[in-house]
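This report refers to the structure that appears directly beneath it.
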Amino acid sequence: NAPPQDTVRVRIWRVLAERLYKKDGEITVKQLGTAVGERRLGELKAHLKHVEKQAQTLQNKSHEWKQRRGLVLGENKNLKKLRLKQRKDTKYNEIYIKLE
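FYI, the working numbering numbers position 89 of the sequence shown as 98, with every residue one higher than the one before it.
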């Protein structure tokens with residue numbers, strides 16, 4: 010679990026990075042909200058938009074920034090860009106997200 014001083018965005022990064030490295034794939038927005046402690050769907054979506062912008066500019070982020078978010082593991086030390094992929098499932102009315 011993340012220390013309490015971490016922001017919602019840092020916790021979002023950690024959850025998504027963990028799933029990326031474990032190759033667990035997608036997570037629903039509701040599951041992500043539960044994992045990071047943000048119940049308000051509108052707030053979580055706003056955070057996700059910011060995380061999406063950050064993912065596109067990883068080359069500008071410091072090693073410490075990446076490490077705090079769980080993005081520095083072995084061969085991935087020099088990550089330059091990730092993509093936050095979203096998929097809607099209309100049958101179950103869910104939005105799935107993942108890093109790739």
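We treat Cβ as the ideally placed atom computed from N, Cα and C, and that holds for glycine.
- Message: I'd like to know whether the C-beta of Leu88 is nearer than 7 Å to at least one C-beta of chain C.
- Response: The structure shown contains no chain C, having only a single protein chain.
- Task: Alpha carbon to alpha carbon, how far is Leu88 from Ile104? Give it in angstroms, no decimals.
- Result: The alpha-carbon separation between Ile104 and Leu88 amounts to approximately 26 Å.
- Output the distance between the C-alpha atoms of Gly46 and Leu67, rounded to the nearest integer angstrom. Cα-Cα distance, rounded: 25 Å.
- Message: For the beta strand (DSSP E) containing Glu103, name the first residue and the last one.
- Response: Its beta strand (DSSP E) spans residues 103 to 108.
- Item | Straight-line Cα distance separating Leu41 from Gln14 | Within the model, the alpha-carbon separation for Gln14 versus Leu41 is close to 18 Å.
- Message: Can you find the residues in the same chain that come closer than 8 Å, C-beta to C-beta, to Glu109, ignoring five residues on each side of it along the sequence?
- Response: The beta carbon of Glu109 is closer than 8 Å to those of Leu29, Leu91, Arg92, Lys94 in its chain, skipping five residues each way along the sequence.
- Message: For Asn93, list the residues DSSP reports as bridge partners.
- Response: What sits at residue 93 in the sequence shown is Leu, not Asn. Leu108, per the DSSP bridge assignment.
- Measure the alpha-carbon distance for Ala9 versus Val24 and round it to whole angstroms. Given that the chain is displayed from residue 10 to residue 109, the structure contains no residue 9 and the question cannot be resolved.
- With a CB to CB cut of under 6 Å and the five nearest residues on each side skipped, what residues in its chain are close to Asp53? The residue you asked about is not Asp; residue 53 is Leu in the sequence shown. Within the same chain, Leu53 has close Cβ partners Gly42, Glu47.
- Report the partner residues of Gly98 according to the DSSP bridge assignment. The amino acid at residue 98 is misidentified as Gly; the sequence shows Asp. Beta-bridge pairing by DSSP links Asp98 to Glu103.
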